[in-house]
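Okay, structure first, notes after.
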Amino acid sequence: MKSVNGINWKENNIPERLILKNKQKYNISYLLSKIFIDKKYSEEEIHNSIYKIQQKEIIYKNPDFADAAEFIFDCYKNKKKILIFGDYDVDGYSSVYLLYDFLTNLDINCNYFIPNRLLDGYGPNKILLEKLINNNNYDLIIFVDCGSNSVEEIKYLEINGLKTIIIDHHQIHEQKTFKKTILINPLKNVKDKQFFSFCATSLVYFFIKYLITTLKKKHNIDLNKYLFFSAIATICDQMPLRGNNKSIVINGLNNFKFNNFKNFNKLLNLKNRLMANDISFSLGPILNSAGRLGYSDLPINLLIDKNKLNIDKISEKLIFLNDKRKKIQSKTFQLLNKNLVNSKMEVIFNYKDNINEGLLGIIAANLVELYNKPSFVLTNSGKLIKCSSRSVDGFDIGNIFYLAIKKKIILNGGGHSMAGGCVLKKNKLKDFKKFINSCYYKKIKPFENSKLYVSEQKIESLLSFAKHDLKKLEPFGNNNSNPLFLVKSNKIIKFKIIKESHLQVIIKNKSYKSYSGFAFNVIGTKLGQVLMNSKKEIDLILQINNRFIQKNSDFNLIIKDAIA
1 MKSVNGINWK ENNIPERLIL KNKQKYNISY LLSKIFIDKK YSEEEIHNSI
51 YKIQQKEIIY KNPDFADAAE FIFDCYKNKK KILIFGDYDV DGYSSVYLLY
101 DFLTNLDINC NYFIPNRLLD GYGPNKILLE KLINNNNYDL IIFVDCGSNS
151 VEEIKYLEIN GLKTIIIDHH QIHEQKTFKK TILINPLKNV KDKQFFSFCA
201 TSLVYFFIKY LITTLKKKHN IDLNKYLFFS AIATICDQMP LRGNNKSIVI
251 NGLNNFKFNN FKNFNKLLNL KNRLMANDIS FSLGPILNSA GRLGYSDLPI
301 NLLIDKNKLN IDKISEKLIF LNDKRKKIQS KTFQLLNKNL VNSKMEVIFN
351 YKDNINEGLL GIIAANLVEL YNKPSFVLTN SGKLIKCSSR SVDGFDIGNI
401 FYLAIKKKII LNGGGHSMAG GCVLKKNKLK DFKKFINSCY YKKIKPFENS
451 KLYVSEQKIE SLLSFAKHDL KKLEPFGNNN SNPLFLVKSN KIIKFKIIKE
501 SHLQVIIKNK SYKSYSGFAF NVIGTKLGQV LMNSKKEIDL ILQINNRFIQ
551 KNSDFNLIIK DAIA
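All residue numbers for the sequence shown refer to my numbering, where the first residue is 1 and numbers rise by one.
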């Protein structure tokens with residue numbers, strides 16, 4: 001059943017006896033039983049989801065905490081100065097904020113720095129470090145959400161007499177040992193697999209808990225607030241929302257009242273409880289937009305500032321930048337997508353001059369969402385080319401970039417299995433494309449662009465599921481996605497274009513009077529064309545929009561694809 005986006009949709013066929021067994025065992029609906037099996041939930045996960053059991057506190061003691069703590073305590077006892085260096089995204093901002101808030105509460109003299117994405121690039125470099133340490137008399141630099149592969153930069157700092165702590169979760173290309181540097185990264189230890197998916201902020205959170213326990217000093221630190229930021233970063237960095245991360249998000253959102261952190265009040269106007277979707281689709285993009293457009297310092301200043309007038313000004317600027325980002329992103333996406341509508345490429349490799357390089361990653365993510373194909377979006381940056389990429393299961397981008405560095409195809413790069421970025425020379429563009437395609441065909445062969453939906457459903461059954469069962473699966477995110485369903489025989493009777501990018505539609509279905517649906521980032525795509533122009537009945541791949549549902553009129557659906 002091939003869709004307008006070129007995806008072959010199939011129902012996930014699960015043996016009836018297993019569905020009925022779970023249904024009876026847990027006294028749940030047939031559909032919820034099937035979804036639990038579809039997502040491979042463990043018995044503990046099912047039990048916790050149904051009965052909303054308070055998530056257990058996670059105990060995590062990284063073996064490198066002790067040595068890193070000694071560096072911190074030395075600065076504390078001897079009045080030495082610390083610089084916190086972070087990344088320009090929500091995980092980086094949150095990591096820096098937690099450390100800065102904690103260290104200043106101990107009256108440790110410390111500064112923070114977030115590089116400018118457009119001027120400085122990702123992570124540390126020697127020129128930048130030279131500017132930062134010159135005449136500042138730092139004794140210790142703490143890198144958060146970056147630094148795992150900054151070998152030459154660490155050597156430079158050690159030569160200049162500085163100690164370094166790196167708290168990071170990115171893939172490590174080659175493990176090196178240094179005299180004055182401690183690397184806190186769960187990927188160092190293969191036995192720590194259950195902790196591999198922590199974001200940097202969660203690592204900082206656990207490190208601070210260790211410091212508090214070891215220091216044995218009275219403090220006024222609100223650990224629930226710190227866990228709240230770990231939850232925000234986990235969601236925004238698209239870490240898998242299962243196991244420990246799911247506990248972090250649930251406890252982080254439940255144990256700290258959002259309105260208690262006044263610095264966010266102007267960014268989100270909540271009428272109901274804070275949900276993961278509010279963070280991933282509203283708060284996160286607002287904070288990240290600043291870094292994408294060259295204002296990397298704004299979000300961290302918002303988090304740290306205590307003056308209401310300053311907070312209000314920064315908030316207004318962030319909202320303005322987010323609106324600007326949306327407009328630029330929409331136009332850029334439509335421009336790049338023009339060449340892809342009829343493309344049969346199995347890997348999307350899209351180079352265009354003079355794209356805003358801060359938007360490369362988010363556009364790559366849009367392309368993966370639409371076409372279910374690994375996507376590499378590239379543009380010129382001075383004399384070089386910058387690339388940002390997003391992937392699909394089974395195609396490890398972080399490892400591919402490491403191999404490309406070894407083969408001297410790219411200058412540098414890194415990331416996770418599902419996302420990454422790199423820099424290369426202009427004369428290496430064709431070699432890079434050839435290398436990417438070669439890796440893909442070796443890894444994923446034979447290729448079939450297919451995805452699974454849970455089952456075919458009627459609108460009435462989805463409405464009932466939304467009211468009674470959907471919240472048992474939350475929070476939604478990476479590795480715990482909102483379930484997909486097939487609904488047949490739909491007719492679009494009205495549509496409205498929203499902000500030049502999205503569609504709101506009214507759909508009539510044989511089994512239901514009519515219902516509302518949204519299709520995001522579809523203007524300029526085949527799916528958008530079908531939804532606006534189809535006069536015939538079409539089958540739709542849908543998700544339930546898991547906003548707070550109190551009455552039938554609150555119910556609406558998200559359209560992901562169509563079979564016309």
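Built from N, CA and C at the ideal position, the CB exists for glycine as well. Only a predicted model underlies this, so the values are computations on that prediction, with no experimental measurement involved.
Going by C-alpha positions, N509 is about 14 Å away from L531.
Exposed is the label assigned to Q194, since fewer than 16 other Cβ atoms lie within 10 Å of its Cβ. A contact is defined here as three or more CB-CB pairs under 8 Å, and the region 170–189 fails this definition with respect to the region 211–227.
Distance between G524 and Q334, taken at the CA atoms: about 6 Å. Around the beta-carbon of M418, 16 or more other beta-carbon atoms lie within 10 Å, marking it buried.
Closest in C-alpha terms to G284, from the list D431, N545, S450 and I362, comes I362.
Within its own chain, the residues whose Cβ lies closer than 8 Å to the Cβ of I7, once the five positions on either side in sequence are excluded, are Y371, N372, N449, S450, K451 and D561, listed in chain order. According to DSSP, F495 shares a beta bridge with V505. The residue from G394, K383 and E460 with its alpha-carbon nearest to that of K428 is K383. Less than 8 Å divides the Cβ of L557 from the Cβ of G517.
Sixteen is the threshold: since fewer than 16 other Cβ atoms of the shown chains lie within 10 Å of the Cβ of L20, the residue is exposed.
Listed as beta-bridge partners of R390 by DSSP are S375 and A419. One Cα belongs to L106, the other to E158, and the distance between them is close to 26 Å. Taken through DSSP and simplified to helix, strand or coil, N490 comes out as strand. Taking L287 as the centre and dropping the five residues before and after it, the same chain places the C-beta of V90 and P299 closer than 6 Å to its C-beta, in chain order. When DSSP states are grouped into helix, strand and coil, I405 belongs to the helix group. Under the three-state reduction of DSSP output, V530 falls in the helix class. Taken through DSSP and simplified to helix, strand or coil, S514 comes out as strand. Annotation for A200: the continuous alpha helix (DSSP H) segment containing it runs A200 to L215. Contact check for F485 against S455 passes: the beta carbons are separated by less than 8 Å. D539 is bridged by DSSP to I563. Only exposed fits M1, as fewer than 16 other CB atoms lie within 10 angstroms of its CB. For T234, the three-state secondary structure derived from DSSP is helix. Put simply, the region 30–38 does not touch the region 231–243. Fewer than three CB pairs are less than 8 Å apart. When C-alpha distances from I279 are compared across V249, K262, K306 and L302, the shortest belongs to V249. Membership of T104 in the alpha helix (DSSP H) is indicated by the continuous run V90 to N105.
Where V144 is concerned, the enclosing beta strand (DSSP E) starts and stops at Y138 to V144. In terms of Cα proximity to M275, the closest of I397, K266, A290 and F258 is F258. When beta bridges are read from the DSSP output, N412 appears opposite V423. E152 counts as exposed, since fewer than 16 other C-beta atoms from the protein chains shown sit within 10 angstroms of its C-beta. By the criterion of at least three beta-carbon pairs nearer than 8 Å, the region 81–96 is in contact with the region 131–142.
Beta-carbon to beta-carbon, N437 and C422 are separated by about 16 Å, too far to satisfy the 8 Å threshold. Per the C-alpha coordinates, the member of L103, S381 and D393 positioned closest to A69 is L103. In this chain, the beta strand (DSSP E) harbouring Y453 covers S450 to Y453. Judged by DSSP in its simplified three-state form, K79 adopts coil rather than helix or strand. Within the same chain, Cβ atoms closer than 6 Å to the Cβ of L183 are found at I166, the five residues on either side in sequence being excluded.
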